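Let me begin by presenting the structure, written as structure tokens, before commenting on it.
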Amino acid sequence: MTSPLVLRDRIDSFPTDQVAGYNVRPGRTFPFGATLVPGGVNFSIFSSGAEAVSLVLFRRDEKTPVAELPFPDEYRIGGVWAMTVFGLDFEDIEYGYRVFGPAEPEPGDRYDAGQILADPYAKAMSGRNVWGVPPDWNDPYPYRSRLTFDDFDWDGDRPLRIPPEDLVIYETHVRGFTRHSSSGVSQPGTYAGLVEKIPYLRELGVNCVELMPVFEFDEFENSRINEATGEQLFNYWGYSTVGFFAPKAGYAATGRYGMQRDEFKNMVKELHRAGIQVVLDVVFNHTAEGNENGPTIHFRGLDNRTYYMLTPEGYYYNFSGTGNTFNCNNPVVRDYVHWCLRYWASEYHVDGFRFDLAAILARGLDGAPMQNPPLPEALAYDPLLRDCLLIAEAWDAGGLYQVGSFPNYFRWSEWNGKYRDTVRRFLKGDAGTAGDLATRLVGSPDLYKHRSALASVNFITCHDGFTLADLVSYNDKHNEANDEDNRDGANDNNSWNCGVEGPTDDEGVRRLRLRQMKNALLLLLVSQGIPMILSGDEVGRSQQGNNNAYNHDTPLSWFDWSLQEGNGDLLRFVSRCIEFRMAHTILRGHHHPTGDDQYGCGYPDVSWHGVNAWQPDWSETSRLVCLMRSGAAANGGTDHIYVAANAHWDDHDVELPVLPDGMRWHLFADTSAQTPADVHDPGAEPVLTNQQWTTVGARSALVLVGRFSGV
Amino acid sequence: MGFSATLSRNGRIALITLEGELDALHADDFRNRVEQAANGGQIDQLVLDMTDLTYMSSAGMRGLVFARQKMGEDIRIVLVRASDSVEQTIRLVGFHQSVVFSDEVPG
Chain A
1 MTSPLVLRDR
11 IDSFPTDQVA
21 GYNVRPGRTF
31 PFGATLVPGG
41 VNFSIFSSGA
51 EAVSLVLFRR
61 DEKTPVAELP
71 FPDEYRIGGV
81 WAMTVFGLDF
91 EDIEYGYRVF
101 GPAEPEPGDR
111 YDAGQILADP
121 YAKAMSGRNV
131 WGVPPDWNDP
141 YPYRSRLTFD
151 DFDWDGDRPL
161 RIPPEDLVIY
171 ETHVRGFTRH
181 SSSGVSQPGT
191 YAGLVEKIPY
201 LRELGVNCVE
211 LMPVFEFDEF
221 ENSRINEATG
231 EQLFNYWGYS
241 TVGFFAPKAG
251 YAATGRYGMQ
261 RDEFKNMVKE
271 LHRAGIQVVL
281 DVVFNHTAEG
291 NENGPTIHFR
301 GLDNRTYYML
311 TPEGYYYNFS
321 GTGNTFNCNN
331 PVVRDYVHWC
341 LRYWASEYHV
351 DGFRFDLAAI
361 LARGLDGAPM
371 QNPPLPEALA
381 YDPLLRDCLL
391 IAEAWDAGGL
401 YQVGSFPNYF
411 RWSEWNGKYR
421 DTVRRFLKGD
431 AGTAGDLATR
441 LVGSPDLYKH
451 RSALASVNFI
461 TCHDGFTLAD
471 LVSYNDKHNE
481 ANDEDNRDGA
491 NDNNSWNCGV
501 EGPTDDEGVR
511 RLRLRQMKNA
521 LLLLLVSQGI
531 PMILSGDEVG
541 RSQQGNNNAY
551 NHDTPLSWFD
561 WSLQEGNGDL
571 LRFVSRCIEF
581 RMAHTILRGH
591 HHPTGDDQYG
601 CGYPDVSWHG
611 VNAWQPDWSE
621 TSRLVCLMRS
631 GAAANGGTDH
641 IYVAANAHWD
651 DHDVELPVLP
661 DGMRWHLFAD
671 TSAQTPADVH
681 DPGAEPVLTN
691 QQWTTVGARS
701 ALVLVGRFSG
711 V
Chain B
712 MGFSATLSRN
722 GRIALITLEG
732 ELDALHADDF
742 RNRVEQAANG
752 GQIDQLVLDM
762 TDLTYMSSAG
772 MRGLVFARQK
782 MGEDIRIVLV
792 RASDSVEQTI
802 RLVGFHQSVV
812 FSDEVPG
């Protein structure tokens, strides 16, 4: 039955008061932020210690406010000021707050009524609308809160919910991916540009992009000219958030029109349409407000003692290495982070989050690690985030290293730093790594035994550190271009230059480097866990030995699309490896293999081998790891995969385990072979002539698959 | 500079002629015309003549989204002589899949 009552006008859509010439009424305290309501805009803002607050309104781009509306005292309940303002021109208004602190501030208070503060809940921000356009440094209000509409036409889109075991993650930077002139896109360096490259991602075979920070940040933070080179250095990576609810406008071709939200949503929609998930790299360990000398943007002037971890004297703890530490387990801040993620999951349909320096999320208000930190727990059980990937970078700059021990609630995954370190050390030929490599290849049960193997996000390279091409071309970092005297960036890279530091014409060295890159990617893509590839590694992208290219908005950090031609064989190799992974469910399960015959196929789910079958060599000097995975195939039959990784400088003949009657070993990949014999189409692998023995080349890896003859 | 949106009909085509600056203050005028067009009898096409539209803000763009949702999927929305910047913005935010660009008012 339908109601005969039609509510034409809501009583609460009429003003009751006037402030500074504007019609207003007491607002709704929730939600925080600016919300469009019938006839007006509801502004709600929290501060635990402020004595008075004003809403400051600007016309777009104007330096002086058009109006300042003090919240009447009766508009405050608890620490929340709320006011509905009528008759605002939604498109033309920028807003902020002026906050008056107590007459006698506490240690750690940093109220400053001389500053105009941005809304921490601003859903769009202006001030850095077009990337790299120098700002007006004298603007009294540089990062401005804007009003937004939520009327994007999603066309039936929803988060994809790809089973985590099927994911292949591709970490990339929105601007760097298409900024290079070789990208050929119409809007280089933007969300729209990324959309134009979706066919490339499809062809590569990845099904999840992990975007380096896209929350509004200031590329001009700490910007300067490198006097040696004349290069303008930027905050290019963006690990320093200004607006947690606002997509970076400078990454949108339409940012100049204030339509970055629509462009971002269209990117998500188009990626989803292509079967590709979107994971955001989010930075909640610190903010762009820095230390005592940093700018006042919002939190500092609103409620410094709530939002930041402070010493008893009121100074900033610096567990993030960037000046301040976000107070993630304060109940107010916890709610803030929580609502922010809910917002991105629901409003932008994103499929997951990777948390930068997530160990900070496990620290208490005094900075000490907590056994049961409320924020990671709340996120783990959140109804809206149920299908979102939650990936922790489980360490911080304060020395808390939680790989394998991040409070996970059987829900969180982790960037597996031990996977990275072990595979690197094995590949360069370090002694004593064979046993550890074996553990990494089967999902690191030493770290995640009581959890799913999918707790392990396996990676060998990421934005932080050497690219894969540089990992096999440099022994040492070469960060001179960063203008920090090569002091920045990690020193323990576990890299090996294959005999020559940097570029070389030596064909032998070049071949070895290519082989080492293939070894790395092949092992990554047959490992249990969720693999992550650094964008550009599939075409051998170099950063000239720079392992911390955070401040270069130049070809050094951009994806050079011409590499597709020069390193096309590597690209072909990687895409076949992804296809192979997708064709074999036994490489992707939830469970760690145990060495038992769990599938009733007559073979253990994992078995270890050496020069002789069934006789692995775990000795200190062993550089050969061979394993067979056996289990159920997608078609209901049994599947057998044999992997041999030889980091030794000599070839080794290896005895192959005997397959069930009628099955024969077929060669999927052999990194010692020249293109095109290095890799074959999954399902069309050639049979091995010798079914008893095969040769694993020096510093090479091979993968075989058991199939019935003629199948 | 003002704004006007006038509605006319030609058989099963509804034509809205837009003139001037379509900004947030005038977005309601535009939406009212769209509603009139939607409620004024069966049509196959909604044609928006933008020949004399000098400016269109994001609120105007949202008016197009409103038109799409109001009309339903069976009715073609044709944008006639949209300026380069309007057309490009529509493409960048993905809305071009929901409309047709044309140089002529369909007869």
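Protein chains in written order, with our numbering: chain A, 1 to 711; chain B, 712 to 818. Built from N, CA and C at the ideal position, the CB exists for glycine as well. Keep in mind it's a predicted model, so treat the numbers as computed, not measured.
Next on the checklist: How far does the alpha helix (DSSP H) with R712 of chain A in it extend, from its first residue to its last?
Outcome noted: Since the displayed chain A opens at 1 and closes at 711, residue 712 of chain A lies outside it and no answer follows.
Checklist entry - My guess is that A698 of chain A and N646 of chain A are in contact by the Cβ rule of under 8 angstroms, so how many angstroms apart are they, rounded? => result Counting from one through the first sequence, the residue named residue 698 of chain A turns up at place 698. Counting from one through the first sequence, the residue named residue 646 of chain A turns up at place 646. Indeed, because the Cβ distance is near 7 angstroms, the residues count as touching under 8 angstroms.
Checklist entry - Would you say the segment 224 to 231 of chain A touches the segment 246 to 258 of chain A, given that touching needs at least three Cβ pairs under 8 angstroms? => result Pairwise C-beta distances place the segment 224 to 231 of chain A out of contact with the segment 246 to 258 of chain A, as fewer than three of them are shorter than 8 angstroms.
Item to check | Nearest residue (CA-CA) to V41 of chain A, options A:N23, A:L57, A:F86, A:G21 | outcome: Looking up residue 41 of chain A in the first sequence gives position 41. Nearest of A:N23, A:L57, A:F86, A:G21 to V41 of chain A, Cα basis: A:F86.
Next on the checklist: Considering only DSSP beta bridges, list what Q756 of chain B is partnered with.
Outcome noted: The count along the second sequence starts at 1 and reaches residue 756 of chain B at position 45. According to DSSP, Q756 of chain B bridges with B:I724, B:R787.
Next on the checklist: Could you compute how far the alpha carbon of L88 of chain A sits from the alpha carbon of F319 of chain A?
Outcome noted: Taking the first sequence and counting its residues from 1, one reaches residue 88 of chain A at position 88. Taking the first sequence and counting its residues from 1, one reaches residue 319 of chain A at position 319. Distance between the alpha carbons of L88 of chain A and F319 of chain A is about 42 angstroms.
Item to check | Residues that D740 of chain B contacts on chain A, provided the C-beta gap is smaller than 8 angstroms | outcome: As a position in the second sequence, residue 740 of chain B is number 29, starting the count at 1. Annotation: D740 of chain B has no Cβ neighbours in chain A at a cutoff of 8 angstroms; minimum Cβ distance is about 15 angstroms.
Item to check | Sequence-distant residues of its chain with Cβ nearer than 6 angstroms to E730 of chain B (five each side left out) | outcome: For the purposes of this step, residue 730 of chain B is taken as residue 19 along the second sequence, with counting starting at 1. Counting only Cβ-Cβ distances below 6 angstroms, and skipping sequence neighbours, we find S715, D763.
Checklist entry - Hey, how far is the Cα of A738 of chain B from the Cα of G774 of chain B? => result Here residue 738 of chain B corresponds to residue number 27 of the second sequence, with the count starting at 1. Here residue 774 of chain B corresponds to residue number 63 of the second sequence, with the count starting at 1. Spanning the two alpha carbons is a distance of roughly 7 angstroms.
Checklist entry - Does D734 of chain B get closer than 8 angstroms to chain A when you measure Cβ to Cβ? => result Mapped onto the second sequence, residue 734 of chain B falls at position 23. Yes, because at least one Cβ of chain A sits closer than 8 angstroms to the Cβ of D734 of chain B.
Checklist entry - To the nearest whole angstrom, what separates the beta carbons of D396 of chain A and N285 of chain A, a pair I think is in contact under 8 angstroms? => result Residue numbering aside, residue 396 of chain A sits at position 396 when the first sequence is read from its first letter. Residue numbering aside, residue 285 of chain A sits at position 285 when the first sequence is read from its first letter. The pair is a contact, with the Cβ atoms about 6 angstroms apart (cut-off 8 angstroms).
Item to check | Segment limits, alpha helix (DSSP H) that includes A738 of chain B | outcome: On the second sequence, residue 738 of chain B is found 27 positions in, with the first residue counted as 1. First-last of the alpha helix (DSSP H) with A738 of chain B: 738 to 750.
Item to check | Cβ-based contacts, 9 angstroms cut-off: residues of the segment 781 to 807 of chain B near chain A | outcome: S796, Q799, T800, R802, L803, V804, G805, F806
Next on the checklist: If we require 3 or more residues per run, which beta strand (DSSP E) segments fall completely within the segment 7 to 45 of chain A?
Outcome noted: 17 to 19, 22 to 26, 33 to 37
Checklist entry - Do we get a CB-CB distance below 8 angstroms when we pair F812 of chain B with the residues of chain A? => result Residue numbering aside, residue 812 of chain B sits at position 101 when the second sequence is read from its first letter. No, F812 of chain B lies away from the interface with chain A (no Cβ there is under 8 angstroms from its Cβ).
Checklist entry - Between the segment 242 to 265 of chain A and chain B, which residues of the former have a C-beta closer than 7 angstroms to a C-beta of the latter? => result A253, T254, Y257, G258, M259, D262, E263
Checklist entry - Measuring CA to CA, which of A:L57, A:V53, A:F100 is closest to A82 of chain A? => result If you number the first sequence from 1, residue 82 of chain A lands on position 82. Nearest of A:L57, A:V53, A:F100 to A82 of chain A, Cα basis: A:V53.
Checklist entry - Pairing CB atoms from the segment 775 to 783 of chain B with CB atoms from the segment 677 to 695 of chain A, are three or more of them under 8 angstroms? => result no
Checklist entry - Any idea if L384 of chain A is buried or exposed, counting beta-carbon neighbours within 10 angstroms, 16 or more meaning buried? => result Here residue 384 of chain A is taken as the residue at index 384 of the first sequence, counted from 1. The residue is exposed, with fewer than 16 neighbouring Cβ atoms inside 10 Å.
Item to check | For S223 of chain A and S452 of chain A, the rounded distance between their alpha carbons | outcome: Taking the first sequence and counting its residues from 1, one reaches residue 452 of chain A at position 452. Taking the first sequence and counting its residues from 1, one reaches residue 223 of chain A at position 223. The straight-line gap from Cα to Cα measures roughly 43 angstroms.
Checklist entry - Taking 8 angstroms as the CB-CB cut-off, is K418 of chain A touching chain B? => result Reading the first sequence from its first residue, position 418 is the one you call residue 418 of chain A. K418 of chain A does not count as touching chain B.
Item to check | chain A residues whose Cβ lies nearer than 7 angstroms to that of A716 of chain B | outcome: On the second sequence, residue 716 of chain B is found 5 positions in, with the first residue counted as 1. Within 7 angstroms Cβ-Cβ: nothing; A716 of chain B doesn't reach chain A, min ~18 angstroms.
Item to check | Spatially closest choice to L357 of chain A from A:P374, A:H592, A:T322, A:A378, by CA coordinates | outcome: Counting from 1 along the first sequence, the entry for residue 357 of chain A is found at position 357. Per the Cα distances, A:T322.
Next on the checklist: Using only CA atoms, which one of A:E94, A:G364, A:A434 lies nearest to L400 of chain A?
Outcome noted: For this step, residue 400 of chain A is matched to residue 400 along the first sequence. Cα-wise, what sits closest to L400 of chain A is A:G364.
Checklist entry - Would DSSP call E210 of chain A helix, strand or coil? => result By 1-based counting over the first sequence, the position of residue 210 of chain A is 210. The answer is strand: DSSP assigns E210 of chain A an E or B state.
Item to check | Contained beta strand (DSSP E) runs [length at least 3] in the segment 264 to 320 of chain A, N- to C-terminal order | outcome: Segments of the beta strand (DSSP E) lying fully in the segment 264 to 320 of chain A: 277 to 282.
Checklist entry - So, using beta-carbon positions, are V658 of chain A and R581 of chain A closer together than 8 angstroms? => result Residue numbering aside, residue 658 of chain A sits at position 658 when the first sequence is read from its first letter. Residue numbering aside, residue 581 of chain A sits at position 581 when the first sequence is read from its first letter. The answer is no: Cβ separation not under 8 angstroms.
Checklist entry - Which residues of chain A have a Cβ atom closer than 7 angstroms to the Cβ of F809 of chain B, listed in chain order? => result Indexing the second sequence from 1 puts residue 809 of chain B at position 98. Sequence inspection shows Ser at residue 809 of chain B; the Phe mentioned does not correspond to that position. The answer, in chain order, is D153.
Checklist entry - Looking only at C-alpha atoms, which of A:V696, A:W665, A:P676, A:K123 sits nearest to L704 of chain A? => result For the purposes of this step, residue 704 of chain A is identified with residue 704 of the first sequence, where counting begins at 1. With distances taken between Cα atoms, L704 of chain A lies closest to A:W665.
Next on the checklist: Just to make sure I have the definition right: I need the residues of chain B whose C-beta is within less than 8 angstroms of the C-beta of Q187 of chain A. Which are they?
Outcome noted: Taking the first residue of the first sequence as position 1, residue 187 of chain A is located at position 187. Under the 8 angstroms cutoff, chain B gives L803.
Checklist entry - When the Cα of R637 of chain A is compared with those of A:V643, A:E620, A:W608, A:I586, which residue comes out closest? => result Walking along the first sequence from the start, residue 637 of chain A turns up at place 637. Going by the sequence as given, residue 637 of chain A is Gly instead of Arg. Between G637 of chain A and the set A:V643, A:E620, A:W608, A:I586, the nearest pair of CA atoms involves A:I586.
Checklist entry - Going along chain B, which residues have a C-beta under 7 angstroms from A192 of chain A? => result In the first sequence, counting from the first residue as 1, residue 192 of chain A sits at position 192. Going along chain B in sequence order, the residues near A192 of chain A (Cβ under 7 angstroms) are L803.
Checklist entry - Closest Cβ-Cβ distance between E91 of chain A and chain E: below 8 angstroms? => result In summary, chain E is missing from the structure at hand, where the protein chains are A and B.
Next on the checklist: Under 8 angstroms, Cβ to Cβ, is there at least one residue of chain B near E270 of chain A?
Outcome noted: Position 270 of the first sequence holds residue 270 of chain A. For E270 of chain A, the answer is yes, since a Cβ of chain B falls inside 8 angstroms of its Cβ.
Next on the checklist: With a threshold of 8 angstroms between beta-carbons, can V711 of chain A be considered close to chain B, or not?
Outcome noted: Indexing the first sequence from 1 puts residue 711 of chain A at position 711. Interpretation of V711 of chain A is limited by its pLDDT of 49, a score under 50 that renders its predicted location unreliable; no figure is taken from the coordinates.
Item to check | CB contact below 8 angstroms: V816 of chain B versus chain A | outcome: Mapped onto the second sequence, residue 816 of chain B falls at position 105. Chain A, which has no Cβ nearer than 8 angstroms to the Cβ of V816 of chain B, makes this no.
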